[in-house]
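Take a look at the structure set out below.
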Amino acid sequence: MIRKPLLAIALAAFFGCAPPEGEAQLTMAQAQAAVDAAETEARANDWNLTIFVADAEGAPLYLRRMDGASPRTTDIVMRKVHVVITTGGTSGAYGAALAAGTVDSIPGGIHYEGGLPIFVDGEFVGAMAASGARGSEDAQAVRAGLAAIGATSESGM
Numbered sequence: 451m452i453r454k455p456l457l458a459i460a461l462a463a464f465f466g467c468a469p470p471e472g473e474a475q476l477t478m479a480q481a482q483a484a485v486d487a488a489e490t491e492a493r494a495n496d497w498n499l500t501i502f503v504a505d506a507e508g509a510p511l512y513l514r515r516m517d518g519a520s521p522r523t524t525d526i527v528m529r530k531v532h533v534v535i536t537t538g539g540t541s542g543a544y545g546a547a548l549a550a551g552t553v554d555s556i557p558g559g560i561h562y563e564g565g566l567p568i569f570v571d572g573e574f575v576g577a578m579a580a581s582g583a584r585g586s587e588d589a590q591a592v593r594a595g596l597a598a599i600g601a602t603s604e605s606g607m
């Protein structure tokens with residue numbers, strides 16, 4: 451039967467993609483803490499946001515849609531994170547480069563500000579995005595989340 455070999459190949463491929471031991475990784479606890487801090491920033495400013503965190507491979511770690519946030523913001527945060535994972539930069543920087551004609555369009559990407567890379571000790575570990583306010587406000591909430599876990603949006607290298 452062909453199913454067992456395919457399952458074995460799929461499992462081997464999946465587990466073979468795990469980051470090497472000792473390489474920095476973003477944990478679920480860190481993702482939740484970052485989202486909690488971003489939500490605190492949003493509430494302090496009366497913003498209703500959807501906030502999303504993914505690991506360095508783009509796999510979802512945590513998603514929260516605050517009461518009052520538009521359902522469409524869920525798609526927007528995922529697309530912002532996709533841009534960050536693909537480019538290694540912010541979704542806003544991608545938007546500026548796209549408008550200037552210096553980069554090609556990313557299928558499924560979005561150019562709105564508010565998606566930021568996550569660096570811990572200079573190492574890229576994931577991406578975080580918010581949507582529901584102005585782009586600069588989305589980014590402000592994300593920066594608050596990154597600060598809460600001791601992360602930055604720049605490699606520092």
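Residues are numbered in our numbering as their position in the sequence shown, beginning at 1, plus a constant of 450. Note that the Cβ used here is the ideal one computed from N, Cα and C, for glycine as well.
Below 8 Å on the Cβ atoms is my guess for residue i versus residue j; work out the distance and round it to an integer in Å.
i: G572; j: V592; result: Their Cβ separation, rounded to whole angstroms, is 19 Å, which puts G572 and V592 out of contact at 8 Å.
i: A577; j: I568; result: 6 Å
i: I556; j: T536; result: 5 Å
i: A504; j: I599; result: In fact, because the Cβ distance is near 14 Å, the residues do not count as touching under 8 Å.
i: A487; j: V575; result: Not a contact, Cβ separation roughly 16 Å.
From this set, the options, which residue's C-alpha is nearest residue i's C-alpha?
i: E604; options: P557, V534, A546, A549; result: V534
i: G518; options: A509, T477, E587, W497; result: W497
i: Q475; options: L511, F502, A488, R493; result: L511
i: G558; options: M528, L566, G538; result: M528
i: E587; options: L566, A481, A601; result: L566
i: D525; options: A494, F502, T540; result: F502
Is it the case that the Cβ atoms of residue i and residue j are separated by a distance below 8 Å?
i: T490; j: S581; result: no
i: Y562; j: G585; result: yes
i: H532; j: G551; result: no
i: L589; j: G545; result: Note that residue 589 is Ala in the sequence shown, not Leu. No, these two residues do not count as a Cβ contact at 8 Å.
i: A492; j: M516; result: yes
i: R514; j: V485; result: yes
i: A597; j: V570; result: no
From the DSSP output, read off the bridge partner residues of residue i.
i: V553; result: According to DSSP, V553 bridges with nothing at all.
i: A504; result: P510, A577
i: I568; result: G576
i: T602; result: F569
4-residue-minimum alpha helix (DSSP H) runs that sit fully inside the segment 516-548, ordered along the chain
Every unbroken stretch of the alpha helix (DSSP H) spanning 4 or more residues and falling wholly within the segment 516-548 is given here in chain order: 522-537.
Length at least 3, wholly inside the segment 572-598: the beta strand (DSSP E) runs in chain order:
DSSP runs (the beta strand (DSSP E)) wholly in the segment 572-598: 573-581.
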